[in-house]
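All remarks here apply to the structure that follows.
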Amino acid sequence: MTQTANPLRQFFRQPAIYLRLPSGGEYWPEKDLVMTPNKELPVLPMTAIDEITYRTPDALFNGQAVISVIQSCIPAIKNAWSAPSLDVNAILVAIRIASYGHNMGIGTTCPKCQNEDQYELDLRNILDQIASPDYSETIDHGDLEIAFQPISYKNQNDTNQMQFEEQRMIRAIPGSDLTDEEKIIKLNAALKRITELTVDAMKFNIASIKTPQALVTEPEFIEEFLNNCDRKLFSKIRDRVIELRIASDLKPIAITCSACSNEYEQSMNLDQASFFETAS
């Protein structure tokens, strides 16, 4: 007799922890996140397929590995590309805790004596420190009111990839067979492109620009405005975007060298394959 349900289903992976997103679910398209009534999302441990996916170089570079693992481990997230940037670190930390526990060893080198050491980190403390910046504060400039929002993982990932390609081109120029004049032309073009990519990313951090006549939310109009506004206003907007990004970044880890007692800080970057490789 054919069974209609898998009798092994009760032994499938179960939620290991529950995550409150720093954003509280704001800035997500409604269809891309199914928020629970208590705003705590169940987080499942990674499967063996998730581990393989996360260690595939091409999938990691283009962001697809991160997306696949997030959607596998947090079923309430239907489209992780839409994740606000301020939620991504919390999501990755939660998946790491659910899969391998809250302790994680990291390698560190003292900048003073070059002593190499291992430091055990409690990821629960890291998760508790991740908070949402205040996006409600606007910039007022004459008749303009500029409001901000977090950039999505998709837009951030696309920008990072394009900037990486431009930077790789810049590194390749000095050793190329081009003439000095051609090298200068190529270098200037690459630097111009990086500046354009910076503006392109900034437009996604702007939720709206309010004028006495209209509320502008279209990215293409905002980009045109950024390319044509005066330098002082552009700098003011750029500084606010940077300020908001820093506020949502992980705080550096305070470390005391075991060899010379030097105290220093080490930054953390979680959107890397090594973040999960340390657990294998």
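For what it's worth, our numbering labels the leading residue of the sequence shown as 2, then goes sequentially. Cβ atoms here follow ideal geometry from the backbone N, Cα and C, with glycine treated the same way.
Quick one: using the 10 Å Cβ neighbour count with 16 as the cut-off for buried, is serine 281 buried or exposed?
Note that serine 281 scores a pLDDT of 48, beneath 50, so its modelled location is shaky; the value from the coordinates is reported in the next line. By the beta-carbon neighbour count (other beta carbons within 10 angstroms, threshold 16), serine 281 is exposed.
May I have the straight-line CA-CA distance separating glutamate 166 from aspartate 178, to the nearest angstrom?
When rounded, the distance between both Cα atoms is 19 Å.
Pairwise C-alpha distance: isoleucine 185 and glutamine 168:
Cα-Cα distance, rounded: 15 Å.
Is the distance from the Cβ of leucine 42 to the Cβ of isoleucine 75 below 7 Å?
Yes, they are a contact pair.
Euclidean distance between Cα positions of aspartate 135 and leucine 45:
A straight line joining the alpha-carbon of aspartate 135 with that of leucine 45 spans about 30 Å.
Grouping DSSP H, G and I as helix and E and B as strand, with all else coil, what is serine 281?
Any reading at serine 281 must be qualified, since the residue scores a pLDDT of 48, below 50, and its modelled position is unreliable; the value itself is stated next. DSSP places serine 281 in the coil class of the three-state scheme, outside both helix and strand.
Inter-stretch contact at 8 Å, needing at least 3 Cβ pairs: the stretch 97-113 / the stretch 124-132:
Yes: the two stretches touch, three or more of their Cβ pairs being nearer than 8 Å.
Which of helix, strand or coil does DSSP assign to glutamine 130?
For glutamine 130, the secondary structure class from DSSP, reduced to helix, strand or coil, is helix.
Thinking C-beta only, is threonine 139 closer than 7 Å to isoleucine 147?
Isoleucine 147 places its beta carbon less than 7 Å from that of threonine 139.
Which listed residue (Met47, Ser86, Arg10 and Pro85) has its alpha carbon closest to that of isoleucine 71
It is Met47.
Residues near glycine 25 in its chain [Cβ-Cβ closer than 8 Å; skip 5 each side]
So the list reads Lys40 and Ser133, once near-sequence residues are dropped.
Let me check one thing: in DSSP terms, what residues is arginine 106 bridge-paired to?
One point to set straight first is that residue 106 is glycine, not arginine, in the sequence displayed. Answer is Glu121, bridged to glycine 106.
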